[in-house]
Amino acid sequence: MKRSLVTIAIMMLAGLLALYSQFPSSFGVKAGISVADQTYTLTPIDYNLETKAVMGPTFSLFVEAFRGNHFSFQADLSYFLKGSKSNTQSVTVDHMNNDQIIVNEGDMSTSTFTYLSIAPMARYRMGQGSWKPYFLLGPRLDILLKYKSDSEYTLDDQNQFIPGLTFGAGLEYKLQRMGLFAELQYQGDLIPVSGADPLLINNHLISFTLGVRRLVSE
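Going by our numbering, the first residue of the sequence shown is number 1, and it counts up by one from there.
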């Protein structure tokens, strides 16, 4: 089942890239670091587990199309590492004592989720000179490639596909038909990582990348 879902996602990506390739304006690569964290919510007791962020590498290929004076569309294919650290091993609810929450702390554990991300976004750029600030906004689909945890309480069920939204801003320096840029992105998810109640886990990520763009047409 997982293999067939990944195949469908890859076919969707191929179709998207084929559409963009009919009207290419630019293409390029970007790489950098990401800082990811997660929110753990236990329902229905409304308990949030304290976590710490994890850092990891990120790498993206992108193609831009339908370029106008200020607006264009850009499709990113990216590798991201998400997850969090925590030192809580178990949580117990004492129903005999007004539902008191008892937190049993243990050693620090790390859980990471590796995703292949597909993000078709609208791109708005400003400026008329060599320096051009720009903004990105669009939907995103994360495909789970790998889950790893050194906790005793690993997840038995994870959502293989997680839709989300990407917000980005960057500054690009145009040099003839090349562009050098720095970019900051925030990624939020629309559904949790875990598959079902009572434990809901949501990803949050901020990435900083440096990249190069090759202009095909103005």
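In this text, a Cβ means the ideal position worked out from N, Cα and C, and glycines have one as well. Since this is a predicted model, take the numbers as computed values, not measurements.
A check of alpha carbon separations from Asn202 across Ser25, Phe135 and Ala53 identifies Ala53 as the nearest. One alpha carbon belongs to Leu155, the other to Lys146, and they sit about 12 Å apart. Ranked by how close their Cα comes to the Cα of Thr114, the residues Val212, Glu50, Met55 and Met178 have Met55 in first place. Following the DSSP letters along the chain, one finds Lys52 in no beta strand (DSSP E), marked with neither H nor E.
For the options Ala119, Leu180 and Tyr186, the alpha carbon positioned closest to that of Arg214 is the one of Leu180. For Val29, the three-state secondary structure derived from DSSP is strand. Scanning its chain for C-beta atoms nearer than 6 Å, with the 5 sequence neighbours on each side dropped, one finds around Glu64 the residues Ser25, Ser26, Ser72 and Gln74, in chain order. If you draw a straight line from the Cα of Leu144 to the Cα of Ser151, it is about 19 Å long.
In terms of Cβ geometry, Phe167 and Leu141 do not form a close pair [threshold 8 Å].
Of Met121, Leu42, Phe135 and Val35, the smallest CA-CA separation from Leu199 is found for Leu42.
Taking the C-beta atoms as reference points, Ser117 is found no nearer than 8 Å to Ser149. Phe80 sits buried, since 16 or more C-beta atoms from the chains shown fall within 10 Å of its C-beta. Gly211 is positioned such that its CB atom lies closer than 8 Å to that of Lys30. Within the model, the alpha-carbon separation for Lys85 versus Leu49 is close to 10 Å.
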